[in-house]
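**Student:** Okay, handing you the structure first.
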Amino acid sequence: MKKILLATILLAPFITFADSGNTNDNSQQNNQQQQKFEARKAKVSERMQKQITKMQQKLDKLQQKKSCVDKATTKDDMKACKPD
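With numbering that gives the first Met the number 0, the residue at position 1 of the sequence shown is 0, and numbering never jumps.
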């Protein structure tokens, strides 16, 4: 019994240090995962912003065409609204 107690007392500091090393590794791993996530998030956000910009440009063109059609009073005016 005394041997087990003595062994436990002698090994306790090593067990504690081993656990703290694990914590640092986990912290670094979590930090790296967070950085990768943020990089992916930024890329997706940038891609979506480009898509929104393209959609806005298409919407602007459609609104211009609609405005042209609304203003048209003759057949020739309507033809002018349609691109060749």
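For glycine and all other residues, C-beta sits at the position ideal for the given N, C-alpha and C. Source: prediction; values computed, not measured.
When you compare only the Cα positions, how much space is there between residue 64 and residue 53?
**Tutor:** Cα-Cα distance, rounded: 17 Å.
**Student:** Taking the alpha-carbon positions, what's the residue 74 to residue 42 distance?
**Tutor:** So the alpha carbons of these two residues sit roughly 48 Å apart.
**Student:** With DSSP as the reference, label residue 71 as helix, strand or coil.
**Tutor:** Note: residue 71 maps to coil in three-state DSSP.
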